[in-house]
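Numbering (the UniProt record's numbering), first residue to last: 1 to 295.
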């Protein structure tokens, strides 16, 4: 394909992805008043009554809006993020369809596996963040002590929830990068094994900076699964390197430079002690010679 043809195809696929995002965002905009908003507010509304503005024993809760356009921006923000999640199969397919023609068969197989695993890890991280959200809110809001009226604004609370979900989802993708680098031969198992302690330490530091709450509970909740995933990535790298070593051993000349001669055995092989039937009987016909050679 020419450069213009590539750009045309890219434009068409980006247009299809944006159209899918727009339609999914419209669905999410309608869904906000039919369950999505309640789903986002559920961790806050499940707190103790004294930790909720307008809270009572019946479970009432309220979030404040301090400006005229606050409600519109909140709904648009939630709709766009939910639309990106709902339309992910479409825009991921458009991205994959654009990249696939330039990949080899094994690269396509690895690419499909990478997309599936990365999507699963992102979903697991977001689920873990949502499940632990109530405990984190209770810990943080409870530190305010008695005599304090807690009234969260809708912008702050929903922004906090969305950033926490995205932070956990993205953090679960980081160990997959180590596996991808090992698969392409950039990062070896020995390097990962020697750096294991530093990797775990930097994981804790990364969790401390990425978590929006900056509290030890959320930091450890993110760092713990990430350490387990990194350990799993190290073991996967060990298996990949072991299989690569066996494959290279079968090829024999994998450690020879491009400007070096192959270590071939140039010594002549020993002659047969007894002549073959073809050499012993010159009267054998060509057909018989072919039969004898096949035998």
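Even glycine gets a Cβ: it sits at the ideal position worked out from N, Cα and C.
(message) So, for residue 88: in the same chain, excluding its five sequence neighbours on each side, which residues have a beta-carbon less than 8 Å away from its beta-carbon?
(response) 119
(request) Would you mind stating whether residue 200 and residue 230 have Cβ atoms separated by less than 8 Å? (result) yes
(message) When you compare the CB positions of residue 165 and residue 126, do they come within less than 8 Å of one another, or not?
(response) yes
(message) Run through the DSSP bridge pairs and tell me what residue 64 is partnered with.
(response) In DSSP, residue 64 forms a bridge with 153.
(message) Less than 7 Å between C-beta atoms, sequence neighbours within five positions excluded: which residues of the same chain meet that for residue 181?
(response) Answer for residue 181: 187, listed in chain order.
(message) Less than 7 Å between C-beta atoms, sequence neighbours within five positions excluded: which residues of the same chain meet that for residue 151?
(response) 53 and 64
(request) State yes or no: is the C-beta of residue 149 nearer than 7 Å to some heavy atom of the ligand MN? (result) No copy of the ligand MN occurs in the structure displayed, which carries no ligand at all.
(request) Spatial neighbours of residue 16 within its chain, please: CB distance less than 6 Å, with the 5 preceding and 5 following residues excluded, ordered by chain position. (result) 94
(message) With H, G and I counted as helix, E and B as strand and the rest as coil, what does DSSP make of residue 242?
(response) helix
(request) For residue 91, count neighbouring Cβ atoms within 10 angstroms of its own Cβ and tell me buried if that reaches 16, exposed if not. (result) It counts as buried.
(message) Buried or exposed for residue 179, going by 16 or more other Cβ atoms inside 10 Å?
(response) buried
(message) Measuring straight from C-alpha to C-alpha, what distance separates residue 69 and residue 173?
(response) Residue 69 and residue 173 have their alpha carbons spaced roughly 35 Å apart.
(request) From the DSSP output, in three-state form, read off residue 87 for me. (result) Residue 87: coil per DSSP, three-state reduction.
(request) Quick one: using the 10 Å Cβ neighbour count with 16 as the cut-off for buried, is residue 296 buried or exposed? (result) Outside the displayed span of the chain (1 to 295) sits residue 296, for which this structure offers no information.
(message) Using only the alpha-carbon positions, how far apart do residue 220 and residue 239 sit?
(response) 29 Å
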